[in-house]
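*Asks:* Residue numbers (UniProt numbering): 1 to 131. Using N, Cα and C, we set each Cβ at its ideal position, and we do this for glycine too. Computed from a prediction, not measured in an experiment: that's the story for all the values here.
(1) Whole-angstrom Cβ separation of residue 55 and residue 40, contact assumed at under 8 Å?
(2) Just grab the DSSP bridge partners of residue 75 for me.
(3) With a threshold of 16 other CB atoms inside 10 Å of the CB of residue 10, please say whether the residue is buried or exposed.
(4) Is residue 60 buried or exposed, if buried means 16 or more other CB atoms sit within 10 Å of its CB?
(5) Have a look at residue 18 and residue 30 and give me their C-alpha separation to the nearest angstrom.
(6) Using only the alpha-carbon positions, how far apart do residue 49 and residue 35 sit?
(7) Could you check if residue 57 is buried or exposed, using at least 16 other CB atoms within 10 Å of its CB as the buried criterion?
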């Protein structure tokens with residue numbers, strides 16, 4: 001998802017101009033970042049929660065040279081999915097795949113037989129490595 005996608009959704013929802021929708025998308029993102037900086041968290045009840053976590057200083061290895069390197073302490077943003085969103089996505093992904101039709105089931109053995117016949121008819125040089 002990109003800022004342009006958010007702007008397009010806002011434009012379609014409100015029937016506004018592209019410039020106004022772009023400005024609204026930027027304002028929305030700025031508000032979320034501002035909330036993260038001021039309170040350390042931002043929650044959308046049916047979507048999830050963004051939280052700021054501090055990462056401690058640590059020692060690591062440079063993968064190219066293998067030398068030890070000191071990594072400074074910092075902050076990162078973590079996201080936890082809401083139970084509502086998790087349940088919705090899980091239900092959608094659990095739907096069974098469409099079953100094969102009778103025509104495709106009947107065609108499968110015919111395809112296999114045609115393929116094996118073509119392999120047998122091929123010259124020996126072309127069949128190298130096949131048994």
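*Replies:* For this structure:
(1) Here residue 55 refers to the residue found at position 55 of the chain shown. Here residue 40 refers to the residue found at position 40 of the chain shown. The Cβ separation is near 14 Å, so there is no contact.
(2) On the chain shown, position 75 is the one that residue 75 refers to. In DSSP, residue 75 forms a bridge with 54.
(3) For the purposes of this step, residue 10 is taken as residue 10 along the chain shown, with counting starting at 1. Burial call: buried.
(4) The residue labelled residue 60 in the question sits at position 60 within the chain shown. Exposed is the call here.
(5) As a first step, residue 18 is located in the chain shown; it is residue number 18 there, counting from the start. As a first step, residue 30 is located in the chain shown; it is residue number 30 there, counting from the start. Rounded to whole angstroms, residue 18 to residue 30 spans 18 Å at the Cα level.
(6) Taking the chain shown and counting its residues from 1, the one referred to as residue 49 is at position 49. Taking the chain shown and counting its residues from 1, the one referred to as residue 35 is at position 35. Roughly 12 Å between the two C-alpha positions.
(7) Taking the first residue of the chain shown as position 1, residue 57 is located at position 57. Exposed is the call here.
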